[in-house]
Amino acid sequence: MTTEHPAAPFPFPTSEPWRPAVEFDDLRAADGLRRVTLPTGDPAWIAARYEDNRRLLSDPRFSRAAAARAGAPRARRAALEARSLTTMDPPEHTRLRRIAMRAFSTGRINGLRPRIQRTADRLLDALAAAGPGADLVSTVARPLPSTVICELLGVPVADQEQFGAWSRVYLSVTAHSAEEIEGAAASLKGYLAQLVREKRREPDDGLLSDLANAPREERLDEDELVTFGITLLVAGVETVAHSISGGVLALLRHPEQWELLRERPELIEAAVDELVRYTPAAVSGGTVRVALEDVALGGTLVRAGEAVLPAVISADRDATVFTDPDRLDVTRSPNPHIGFGHGPHRCLGAQLARAELAVAVGSLVARFPGLRLDVAVEDLEWELRTMQRGPRALPVRW
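Residue numbering for the sequence shown follows this note's numbering, starting at 594 and increasing by one per position.
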C-alpha cells in the first residue's frame with residue numbers, strides 16, 4: 594500500500610516548465626499515488642504511473658459526473674459544467690458523444706486540412722514579413738487553432754480575439770476570481786446561444802449549424818449545443834496553442850530532431866505523436882475524477898468520495914512503457930502515449946489536433962529551416978496560473 598506523506602500543494606512548483614515537474618519522477622519510482630492539495634484547497638490523490646492513469650481514465654467507478662456535483666473536490670475555483678461531455682458518465686455521456694462524433698469524422702477533418710494549411714500559410718507569410726525575428730506564440734501558435742475552431746463552429750473571424758480572452762479567463766486557476774471565471778463562462782454561453790439561434794434560422798456549412806439542424810433524434814438541445822461549443826473552444830484553442838509552442842520549443846532545444854524532420858518530412862505524423870507525448874502542455878494532463886466506491890488503484894485504497902487527478906504528462910514518461918522516456922525521438926515507434934486521454938473521455942478532437950500540429954510544425958520546418966530561439970530557454974516567461982502550460986511568448990529568429 595502507499596506510504597502516507599503530507600499532502601503536497603499542486604501544481605508542483607518548477608523552475609523548468611518545459612518538462613514535467615521532477616516530483617513525478619519520484620512518484621513513479623515510489624508510491625505511484627500521492628495526496629495533494631489542489632489550488633482550491635481541496636484534497637485529492639494524484640496518479641503518476643502509466644498503468645494507473647489508464648485504469649483511472651477507463652474505470653467507471655472513477656466518475657466525472659460526481660466531480661461536477663456541488664461540494665465535490667475540484668481544481669478550479671469555478672464550478673464545472675454539469676452538462677458538458679467532459680463531466681458526464683454513461684449513459685448520458687454515450688448519447689452525447691455519439692452525436693458529437695459527427696463533428697470529428699475522418700471526412701470532415703480531411704476536408705478541413707486544406708483550410709488549416711491555407712491559414713498556416715497566411716500566418717507564416719506574416720511571420721516572414723515581420724522577421725527576421727518574431728514571437729511565435731502571437732503570430733502562429735495561438736491564431737492558428739483559434740481560427741480553425743472558429744471556422745469549424747461557424748464563428749465570425751471578427752469575434753476570435755474576444756473568444757480567446759474569454760477562454761483564457763475561463764481556464765484560469767489562480768489568476769482570476771471565481772466571479773470573473775463565471776462571468777467569462779456566462780459571456781461564452783450567451784454568445785454561443787445567440788449563434789445557435791442564428792444557425793437555426795440561416796444554416797451554413799459550420800459545425801454548429803450542422804448539429805443545430807440535425808434530425809430530431811440526433812439533435813442536441815440548445816444548452817447541450819452551447820456547452821459543447823464552450824468545450825471545443827477551450828480544449829481546441831488553448832491546449833493546441835500550447836502544444837504548438839511547446840512542441841516547437843522542444844524541437845529547437847533538440848536541433849538534431851529538427852534537422853531530422855527537415856531531411857525527412859514524411860516523419861511528421863510520428864513527430865506529432867512524440868511531441869504530444871513529450872511536451873507538458875498542461876500541469877497534469879487530466880481532469881479530476883471522484884471515486885463512487887472504495888477502489889484499489891496502484892496499491893492505494895481510494896475511498897468513496899475521494900478525488901483522483903490523472904497525471905498524463907507523468908504517465909507518458911513512464912520508463913516501464915517508453916524506452917529512454919526523457920529523450921525526444923521523432924522516429925519513436927510504437928508510441929502508445931495517452932496524451933489525448935484514454936477510455937470513454939478520450940479527446941474527441943484528437944484527429945483535428947493532430948492535423949493542426951502536423952501542418953503548423955511541418956510548415957515551420959519547411960519554410961524556416963534555420964529557425965532558432967532568440968533567447969535562452971531559461972529566460973522565457975511562462976503561463977503558470979492555469980491548468981494549461983506554455984510560454985507566454987516564444988521569440989525566434991531565422
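We put the beta carbon where it would ideally sit given N, CA and C, even for glycine.
As a quick exercise: from Ser731, Asp619, Ile709, pick the residue whose alpha carbon is nearest that of Thr740.
When only C-alpha atoms are compared, the closest one is Ile709.
Among Glu795, Pro599, Phe821, which has the Cα closest to the Cα of Leu781?
Out of Glu795, Pro599, Phe821, Phe821 has the C-alpha closest to the C-alpha of Leu781.
Pick from Ser608, Gly776, Pro613: whose alpha carbon is nearest that of Val869?
It is Pro613.
Output needed for Trp975: all residues of its chain with C-beta closer than 6 Å, excluding positions within five of it in sequence on either side, in chain order.
Around Trp975: Pro610, Pro984.
Just verifying my parser: in three-state terms, what is the DSSP assignment at Trp975?
In this structure, Trp975 counts as strand in the three-state DSSP scheme.
Starting from Ile692 and walking both ways along the alpha helix (DSSP H), at which residues does that stretch end?
Taken as a continuous stretch (DSSP letters only), the alpha helix (DSSP H) holding Ile692 covers 685-693.
At 4 residues or longer, what runs of the alpha helix (DSSP H) sit wholly inside the region 850-909?
For the region 850-909, whole alpha helix (DSSP H) runs of length 4 or above, ordered along the chain, are 861-871, 905-908.
Using only CA atoms, which one of Ala986, Leu966, Thr979 lies nearest to Pro725?
Per the Cα distances, Leu966.
Kindly indicate which three-state DSSP category Pro796 falls into: helix, strand or coil?
Coil at Pro796, not helix or strand.
Tell me the residue span of the beta strand (DSSP E) that contains Gly634.
Per DSSP, Gly634 belongs to no beta strand (DSSP E) and is neither H nor E.
Thinking C-beta only, is Leu853 closer than 7 Å to Val923?
Against a cut-off of 7 Å, the Cβ pair of Leu853 and Val923 comes out as a contact.
Going by DSSP, what residue range makes up the beta strand (DSSP E) through Val629?
That run of the beta strand (DSSP E) goes 626-630.
If you drop the 5 nearest sequence neighbours on each side, which residues of the same chain put their C-beta closer than 8 Å to that of Arg896?
Cβ neighbours of Arg896 beyond the five flanking positions: Ala884, Asp887.
Regarding Ala889 and the ligand SAH, is the C-beta to nearest heavy atom distance less than 6 Å?
Among the components modelled here there is no ligand, and therefore nothing to report on the ligand SAH.
Just confirm the distance between the C-beta atoms of Arg627 and Ala601, as a whole number of angstroms; I'd bet it's less than 8 Å.
The pair is a contact, with the Cβ atoms about 7 Å apart (cut-off 8 Å).
Measuring only the C-alpha atoms, how far is Ala696 from Val876?
Computed Cα separation, rounded: 28 Å.
May I ask you to report which of helix, strand or coil DSSP gives Pro707?
In the structure shown, Pro707 sits in a helix (DSSP, three-state: H, G or I).
Is it the case that the Cβ atoms of Gly839 and Thr872 are separated by a distance below 7 Å?
Yes, the pair counts as a contact, with Cβ atoms nearer than the cut-off.
Provide the residue span of the beta strand (DSSP E) that contains Arg990, from first to last.
Counting along the chain, the beta strand (DSSP E) containing Arg990 begins and ends at 988-990.
When burial is assigned at 16 or more other CB atoms within 10 Å of the CB, is Gln850 buried or exposed?
The residue in question, Gln850, is buried, as its Cβ has 16 or more Cβ neighbours within 10 Å.
Ignore the nearest five residues each way along the sequence and tell me which others in Gln944's own chain have a CB closer than 8 Å to its CB.
Cβ neighbours of Gln944 beyond the five flanking positions: Phe697, Thr699, Ile702.
Can you list, in chain order, the residues of its chain whose CB lies under 6 Å from that of Met594, leaving out five sequence neighbours each side?
Only weak support is given to the placement of Met594: the predicted model assigns it a pLDDT of 48, under 50, and the question is left unresolved by the model.
Please confirm whether Leu973 and Trp991 have their CB atoms less than 7 Å apart.
No.
Can you say whether Glu971 is buried or exposed, counting buried as having 16 or more other CB atoms within 10 angstroms of its CB?
The residue in question, Glu971, is exposed, as its Cβ has fewer than 16 Cβ neighbours within 10 Å.
Taking C-beta to C-beta, are Asn646 and Ala637 nearer than 7 Å?
No, Cβ-Cβ distance for Asn646 and Ala637 is not below 7 Å.
Determine whether the beta carbon atoms of Tyr763 and Ile774 lie at a separation below 7 Å.
Yes, these two residues count as a Cβ contact at 7 Å.
Three or more C-beta pairs closer than 8 Å, one from the region 786-796 and one from the region 679-692: is that the case here?
No, the region 786-796 is not in contact with the region 679-692.
What is the rounded straight-line gap between the Cα of Arg910 and the Cα of Arg809?
Cα to Cα, the separation comes out at about 45 Å.
CB-CB under 6 Å to Leu620, same chain, minus the five flanking residues each way: which ones, in chain order?
Arg627, Ala641.
Within a Cβ cutoff of 6 Å, which residues of the same chain sit near Ala986, ignoring the five residues on either side of it in sequence?
Closer than 6 Å at the Cβ level, and outside the excluded window around Ala986, lie Asp728, Val730.
Around the C-beta of Ser926, are 16 or more other C-beta atoms found within 10 angstroms, so that it is buried, or is it exposed?
Looking at its Cβ environment, which holds fewer than 16 other Cβ atoms inside 10 Å, Ser926 is exposed.
Just mark Leu720 as buried or exposed, buried being the case when its beta carbon has 16 or more other beta carbons within 10 Å.
So Leu720 counts as buried.
In the structure shown, what three-state DSSP assignment does Arg965 receive?
Residue state, collapsed to three classes: strand.
If you draw a straight line from the C-alpha of Arg947 to the C-alpha of Asp635, how long is it?
Taking the straight line from one Cα to the other gives about 34 Å.
Could you check what DSSP says for Pro984 in three-state terms: helix, strand or coil?
In this structure, Pro984 counts as strand in the three-state DSSP scheme.
When DSSP labels each residue in this structure, what does Pro738 get in the three-state scheme?
Pro738: helix per DSSP, three-state reduction.
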